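Notes follow the structure.
Residue numbers (the numbering used here): 8 to 561.
Below you can see the structure in the form of structure tokens.
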């Protein structure tokens, strides 16, 4: 079989104006970035605002494994399959980060014959949104340090500056840095650090903002530091929000592209789900619901991270009520959760599937707690056997959710027809969506609720540093915000080595910070880092340009 990039480079794309026409968008609604990419103007969003909403489908997954689950591939294939059935489906996906593209994971535009194109553009610079977010973030940092240099009128305590610089690349050497070195003219020396752009509060703000005025207001509310007298300093105190908004004026507009089968796809925003809230922009999702009868969106990593934050943060702020949840799993991943090493996952092992299916059960039960119908999609491989698949179908039947096989990687939309039928059927069932916790709970109570109900923990251990931070955040008036837990994606617990469905553990909270502009409290567990590093053999080593064409991208 051809590689992902070879398949993408052979795609017969339609001009993006033709894709827009399918949705009722005119040329005036689109700001073209070449022939196959466009931004959707704010005026178009306003024009469709009174149109009834289509059904909202969330695609999530079990905990990721080295075997891969194919969540984005399934999302894309589901959209292609629905369109093949004559349904008007629109995808609403996240933009890839350069960190994973050049690291381990690779790109985030799907795979095989279920991809979003132009794949190379999407996985690299796309329409420049990531660069704009990086620039806005670092402008605020430059203004903070300049304020210190110019006399520090606000009395900022340089030891308590909270806002970090960012870069959309895995670069562990920048996690902790000293800035302002080299004498008086080069600034005030202090400790600083970088995080990856997709973990920046600016990214979260862009994805949760309803429009450009909301964006500016949220930017102004960023808590950047404390004064020597322990009072807070916000971005508005530095008069930073106007210039930051100017840098994000185009980035806030959703991007329109297409799948290999010319299904419309809106890609916008890209926060990680293990260290941020893991969902594409509110604007993109709402627009997809207005433009299509079915809007298919996704949330990063497993349902314990992305889906929980989608429900408890994004849906709460955006007023969304999902109609169906698709949980993606593979036989190989379940065997891995059952203790089988990666090298032996292609050999039939029913006992391992039976042992590992506890992970899938946990995710199904967790999604049911939100009151939304569930469909399990098995991303099928040629090595899967009937006996192994029967274990999964029996499990789904016992837990009262639909089960479908998906072959979209190999067959595109044709391979997702069964899944599409099950999803359409599930969307007709009554959904009684409700968030997991009430905002009136304390921060500690919210953490405890998520830890027990979603992760299956016995309880929570809060370090003195974290509790002090919680007390400060509550005193500032932010105790009623939802929480955003930064946790390993590989386990339901905060220990990546605990596969399956761990029990008898506590979640350790080492630090807590408020993202006042985004509107949530970030809770850090275990050793999770906001600036990843590259692996021993990064994907970057295989990427090249040969005869004018990019190779090795996946």
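Every residue, glycine too, gets a C-beta built ideally from N, C-alpha and C. Since the structure is predicted, the reported quantities are computational estimates derived from the model, not experimental observations.
Report all residues from its chain with a CB closer than 7 angstroms to the CB of residue i; omit the five preceding and five following residues, and keep chain order.
i: residue 493; result: 281, 282, 529, 530, 531, 532, 535
i: residue 211; result: 278, 283, 284, 522, 525
i: residue 207; result: 140, 144, 173
i: residue 390; result: 353
Strictly by DSSP, which residues pair up with residue i?
i: residue 522; result: 527
i: residue 305; result: 66
i: residue 185; result: 198
i: residue 118; result: 121
i: residue 466; result: 513
i: residue 386; result: 413
i: residue 239; result: 233
i: residue 46; result: 38, 262
Once DSSP output is grouped into helix, strand and coil, what is the label at residue i?
i: residue 410; result: strand
i: residue 193; result: helix
i: residue 174; result: strand
i: residue 554; result: coil
i: residue 474; result: helix
i: residue 38; result: strand
i: residue 508; result: coil
i: residue 102; result: coil
i: residue 199; result: strand
i: residue 229; result: coil
i: residue 282; result: coil
i: residue 259; result: coil
i: residue 88; result: helix
i: residue 535; result: coil
i: residue 20; result: coil
i: residue 501; result: coil
i: residue 157; result: coil
i: residue 5; result: The shown model of the chain, from 8 to 561, leaves out residue 5, and the question about it has no answer.
i: residue 111; result: coil
To the nearest angstrom, report how far apart residue i and residue j are at their CA atoms.
i: residue 112; j: residue 236; result: 45 angstroms
i: residue 543; j: residue 436; result: 48 angstroms
i: residue 202; j: residue 386; result: 33 angstroms
i: residue 515; j: residue 495; result: 12 angstroms
i: residue 65; j: residue 314; result: 8 angstroms
i: residue 541; j: residue 355; result: 33 angstroms
i: residue 15; j: residue 131; result: 14 angstroms
i: residue 457; j: residue 24; result: 44 angstroms
i: residue 322; j: residue 335; result: 21 angstroms
i: residue 392; j: residue 53; result: 50 angstroms
i: residue 33; j: residue 27; result: 7 angstroms
i: residue 317; j: residue 69; result: 15 angstroms
i: residue 410; j: residue 22; result: 36 angstroms
i: residue 442; j: residue 553; result: 50 angstroms
i: residue 338; j: residue 489; result: 34 angstroms
i: residue 117; j: residue 405; result: 31 angstroms
i: residue 450; j: residue 470; result: 14 angstroms
i: residue 46; j: residue 79; result: 21 angstroms
i: residue 157; j: residue 151; result: 10 angstroms
i: residue 149; j: residue 255; result: 17 angstroms
i: residue 242; j: residue 511; result: 43 angstroms
i: residue 403; j: residue 395; result: 13 angstroms
Within the same chain, show all residues whose beta-carbon is closer than 8 angstroms to that of residue i, passing over the 5 residues directly before and after it, in chain order.
i: residue 55; result: 31, 294, 297, 298
i: residue 12; result: 126, 127, 557, 558, 559, 560, 561
i: residue 169; result: 230, 231, 232, 233, 520
i: residue 343; result: 72, 73, 74, 349, 352, 363, 506
i: residue 476; result: 518, 519, 520
i: residue 48; result: 35, 36, 37, 38, 260
Leaving out five residues on either side along the sequence, give the residues of the same chain with a beta carbon under 6 angstroms from the beta carbon of residue i.
i: residue 40; result: 134
i: residue 223; result: 248, 252
i: residue 330; result: 62, 63, 434, 438
Note to self: Any contact between the segment 246-263 and the segment 176-189? By contact I mean 3 or more CB pairs, one from each, below 8 angstroms.
What the structure shows: Contact check between the segment 246-263 and the segment 176-189: fewer than three CB pairs, one atom from each, fall below 8 angstroms, which does not count as touching.
Item checked: the segment 545-552 in contact with the segment 500-514 per 3-pair CB rule at 8 angstroms -> A contact between stretches requires three or more CB pairs, one per stretch, nearer than 8 angstroms, and the segment 545-552 fails this requirement with the segment 500-514.
Check: Counting Cβ pairs closer than 8 angstroms, one from the segment 266-277 and one from the segment 86-106, do we hit at least three?
Finding: Verdict: yes, contact present.
Note to self: If contact is defined by three or more beta carbon pairs under 8 angstroms, each pair taking one atom from either stretch, is the segment 96-113 in contact with the segment 360-377?
What the structure shows: Note that the segment 360-377 does not touch the segment 96-113; fewer than 3 beta-carbon pairs, one per stretch, sit closer than 8 angstroms.
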